[in-house]
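Engineer: Structure incoming, see below.
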Amino acid sequence: MAARPAPARAASASAEGGPPGGSEAVGRPDAAGTPGPPAEPGPILASNPGFRRPPSPPAYPRQAIARGIEGTVLLRVLIGPDGETIEIRIHRSSGAVLLDQAAVEAVRRWAFRPALVGGRAVPAWVEVPVRFRLD
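If you want it as structure tokens, here you go:
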């Protein structure tokens with residue numbers, strides 16, 4: 451009867467479904483319309499997120515247990531260059547608000563390692579599936 455975090459995974463970024471802010475630097479035109487210096491790159495979508503300590507599974511909401519509700523929540527988590535969680539978004543709902551909220555609360559407590567690009571810590575989105583299954 452315990453909620454189990456599914457193994458963390460990430461998808462590759464795409465123009466169609468990636469999170470806000472791509473990893474490519476783009477010059478912005480100035481007032482005269484000429485390209486300016488490249489903009490600071492936005493967060494990347496990282497693969498294989500690392501953890502500073504093992505993630506603890508979310509608490510399975512009692513009401514969901516009583517109602518026999520199961521499901522998987524897919525979260526997108528923005529991790530800062532210091533490894534701190536900046537933002538959590540529900541990318542795909544389990545279909546049950548109780549499970550979605552429990553997943554967000556649990557992931558908020560997880561300690562991620564920052565993504566590295568060229569040996570430098572950068573902000574990154576990671577996708578984290580959290581599965582709730584009654585045994």
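Residue numbers (our numbering): 451 to 585.
All C-beta atoms, glycine included, are put in the ideal place defined by N, C-alpha and C.
(1) What do you reckon, are the CB atoms on Val576 and Ala565 nearer than 9 Å?
(2) Check the C-beta distance from Arg563 over to Arg502 and give it rounded, since I have them as a contact under 8 Å.
(3) Assuming Ile515 contacts Ala546 (C-beta within less than 8 Å), just tell me the rounded distance between them.
(4) Please classify Ile536: does DSSP put it in a helix, a strand, or coil?
(5) Provide the residue span of the beta strand (DSSP E) that contains Glu577, from first to last.
(6) With 16 other CB atoms within 10 Å as the buried threshold, where does Ala552 fall?
(7) So if DSSP puts Val554 in a beta bridge, which residue, or which two residues, is it bridged to?
(8) May I have the straight-line CA-CA distance separating Ser544 from Pro504, to the nearest angstrom?
(9) Rounding to the nearest angstrom, what Cα-Cα distance links Ile536 and Arg583 in this structure?
(10) Let me know the secondary structure DSSP gives Ala546 once reduced to three states.
(11) If I measure Cβ to Cβ from Leu524 and keep anything under 7 Å in the same chain, skipping five residues before and after, which residues do I get?
(12) Hey, quick one: how far does the alpha helix (DSSP H) through Thr514 stretch, first residue to last?
(13) Could you tell me the distance, in whole angstroms, from the CA atom of Gly471 to the CA atom of Arg512?
Structural biologist: In short:
(1) Here the question's residue 576 lines up with position 126 in the sequence shown. Here the question's residue 565 lines up with position 115 in the sequence shown. Yes, these two residues count as a Cβ contact at 9 Å.
(2) As a first step, residue 563 is located in the sequence shown; it is residue number 113 there, counting from the start. As a first step, residue 502 is located in the sequence shown; it is residue number 52 there, counting from the start. 6 Å between Cβ atoms; contact.
(3) As a first step, residue 515 is located in the sequence shown; it is residue number 65 there, counting from the start. As a first step, residue 546 is located in the sequence shown; it is residue number 96 there, counting from the start. Actually they are not in contact, since the Cβ atoms of Ile515 and Ala546 sit about 12 Å apart, beyond 8 Å.
(4) The residue labelled residue 536 in the question sits at position 86 within the sequence shown. Here Ile536 sits in strand by DSSP.
(5) Residue mapping note: residue 577 aligns to position 127 of the sequence shown, counting from 1. First-last of the beta strand (DSSP E) with Glu577: 574 to 582.
(6) The residue you call residue 552 lines up with position 102 of the sequence shown. Result: buried.
(7) If you number the sequence shown from 1, residue 554 lands on position 104. BP columns for Val554 are empty, so no partner.
(8) Position 94 of the sequence shown holds residue 544. Position 54 of the sequence shown holds residue 504. Using only the alpha carbons, I get a separation of about 23 Å.
(9) Your numbering for residue 536 matches position 86 in the sequence shown. Your numbering for residue 583 matches position 133 in the sequence shown. Taking the straight line from one Cα to the other gives about 28 Å.
(10) Indexing the sequence shown from 1 puts residue 546 at position 96. Coil at Ala546, not helix or strand.
(11) Along the sequence shown, read from residue 1 onward, the residue named residue 524 stands at position 74. Excluding residues within five positions, the ones whose Cβ falls inside 7 Å are His541, Arg542, Glu577, Pro579.
(12) Against the sequence shown, residue 514 aligns to sequence position 64. In the sequence as presented, Thr is not what sits at residue 514; that position holds Ala. Unbroken alpha helix (DSSP H) run through Ala514: 512 to 517.
(13) Counting from one through the sequence shown, the residue named residue 471 turns up at place 21. Counting from one through the sequence shown, the residue named residue 512 turns up at place 62. Residue confidence is low: Gly471 scores 34 on pLDDT, short of 50, so the model does not pin down where it sits. No coordinate-derived value is stated.
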